[in-house]
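Taken in order, the sequence shown gives residues 54 to 133; the numbers are from my numbering.
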Amino acid sequence: MLIILGYMQATWAIPRTERMRRKVLSIVAERWRHYKTELVEKYIYGALVGARPPNQSISEETWAEFVLKKSTTEHQVSLT
């Protein structure tokens, strides 16, 4: 996460205060969780089951691990 913060501070004029650091990291974490939730809803349980997202930055190995993790009974129980 700190790599992302450094990139964002270098790209945009974000004040280098503790308050802004926490806020930026909070937003990044929220967006990351939303992205993973979208992947699960579309590609694990939704209309695109068995497909792989067109995002080329996700390797086959990483995608297989993600699908395995999100397809477990333990994960399904945590959704209820």
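Even glycine gets a Cβ: it sits at the ideal position worked out from N, Cα and C.
The structure presented is a predicted model; accordingly, all values stated were derived computationally and were not measured.
In whole angstroms, give me the CA-to-CA distance for residue i and residue j.
| i | j | result |
| --- | --- | --- |
| L101 | K122 | 17 Å |
| R105 | E71 | 38 Å |
| Y98 | V81 | 25 Å |
Report buried or exposed for residue i, applying the criterion of at least 16 other Cβ atoms within 10 angstroms of its Cβ.
| i | result |
| --- | --- |
| Y96 | buried |
Can you tell me whether DSSP reads residue i as helix, strand or coil?
| i | result |
| --- | --- |
| A66 | coil |
| A100 | coil |
| T115 | helix |
| S79 | helix |
| R72 | helix |
| R105 | coil |
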